[in-house]
Every structure is written in C-alpha cells, then in structure tokens.
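Structure first, commentary second.
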Amino acid sequence: MDTIALLSHRAPTAVIAYRAGVPVTAQRFLSDAIELSRRLPDGGHVLNVCADRYRFTVGLAACLITGRVSLLPSTHTPEVIGQLAGFAPDVLCLTDDPRCDIDLPGIQYPEDLSGAEIAWAVPQFRRHNWPPSCSPRDRPARRCPTGKRGAGWRAACAMAPHGLGCRTADRMR
C-alpha cells in the first residue's frame, strides 16, 4: 500500500521548525506529537483551532499517529460548528486559546509537552505505525466547505491538497 511519510527528515537532529528563533528538531516534534496523541480524549475527529502554527502542526501529527481525522472548516461560526457536530458527533476542539468559546467538547493544548524526547525509531512505536505515515485513501484531513455550496458535507470531504509531511514544517518559519 502506498503511504505518505509524516516527515521527510531522515535524522532526529534535522531542524523541522523554528519557534521564537529557536530550532525545533524532528525528534522534538515527534516527541511532542506522540505526547499530545496520548493526551487526546477518545474520538475520531478533531477540530484543531490552534493559532500557533507549530502547535497546529503537532496537533495534526497527533491525529495522524492515532488515526483521527482533522476537520478543516473555512470558518468557525456557530452555524458551521453545529454542522460539524452533526457531521462528526465525536468531534473535539483542540485549542491553544484559553478564551476559546467554540461550543464543542475540547482540550487545551498542553503547555508541558516539552518533556523528555522520545528515542528515535524504538520498537515500542510499531503500534503507532512508526515511522508515522498514512495512506492517501485514509483521508486524515478533511476540508469542510461552508455556505450554500457546502451543504453536501458527505461529498465535500477531501484530503488536504498539499499532502502530509514533505517539508510542511519548512513553511512554518
């Protein structure tokens, strides 16, 4: 089966992003994604509204690692959130804004993810499909159109257009 790698970086020390001018390695990113994936409540769908691009990307990676679908609506109006809840009753909201008022069960992005880095490619991660990858047919991210043309939610879900990984984090600088 063809898969798409979560990262194109081959070394754990490869820089994948910069946060406040400080480099983030692939190992740190994957450690953060694994730790966040452990903290996500049960459910198959996540509305990731993290404003910080690194946190958003960690959230997307955590969804990929655990087989969750990341929903990507174009807006977060109450009407669209209601449609999301109808489309995916198990959806939860991942946010880094303590004042987030989206009317869904949610989880605050943890401030304490920067714990110990997880060893690169150790056997325990085989249960996580290590290294993280997904099939293009799995549709791990779904864009959800809104408005009159977005009424057909069942047919409107499509895989994110830029693939998953392939130096995605290089655009986060």
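Going by our numbering, the first residue of the sequence shown is number 1227, and it counts up by one from there.
Each residue gets a CB set at the ideal place from its N, CA and C atoms; glycine is no exception.
On a predicted model such as this, the values are computed, not experimentally measured, just so you know.
Do you know offhand how far Trp1356's Cα is from Pro1267's?
Any reading at Trp1356 is ruled out, since the residue's pLDDT is 44, under 50, leaving its predicted position unreliable.
For His1235, which residues of its own chain have a beta-carbon under 7 Å away from its beta-carbon, when the five flanking residues on both sides are left out?
Ile1242 and Ala1252
Is DSSP giving Cys1319 helix, strand or coil here?
Strand.
Along the chain, which unbroken stretches of the beta strand (DSSP E) at least 3 residues long are found entirely within the region 1235–1278?
Annotation note: the region 1235–1278 contains the following uninterrupted beta strand (DSSP E) runs of length 3 or greater, listed N- to C-terminal: 1241–1245, 1248–1251 and 1271–1274.
Whole-angstrom C-beta distance between Leu1339 and Asp1258, which should lie under 8 Å:
5 Å
Buried or exposed for Tyr1280, please, with buried defined as at least 16 other CB atoms from any protein chain shown within 10 angstroms of its CB.
buried
Skipping 5 residues on each side, what residues in its chain have a beta carbon closer than 8 Å to that of Leu1318?
For Leu1318, where only same-chain residues beyond five positions count, the Cβ hits under 8 Å are Leu1266, Pro1267, Gly1269, His1271, Val1272, Leu1273, Leu1330, Pro1331, Gly1332 and Ile1333.
Sorted by chain position, which residues of the same chain lie with C-beta nearer than 6 Å to Tyr1335's C-beta, five sequence neighbours on each side aside?
Cys1276, Arg1281 and Asp1322
Who are the Cβ neighbours of Glu1343 in its own chain at under 7 Å, not counting the five residues just before and after it?
Around Glu1343: Gln1253, Arg1254 and Ser1257.
Rounded to the nearest angstrom, what separates Leu1290 and Ala1246 at their Cα positions?
26 Å
Looking at Leu1320: is its Cβ nearer than 8 Å to the Cβ of Gly1285?
yes
Rounded to whole angstroms, what is the Cα-Cα separation between Pro1315 and Glu1261?
25 Å
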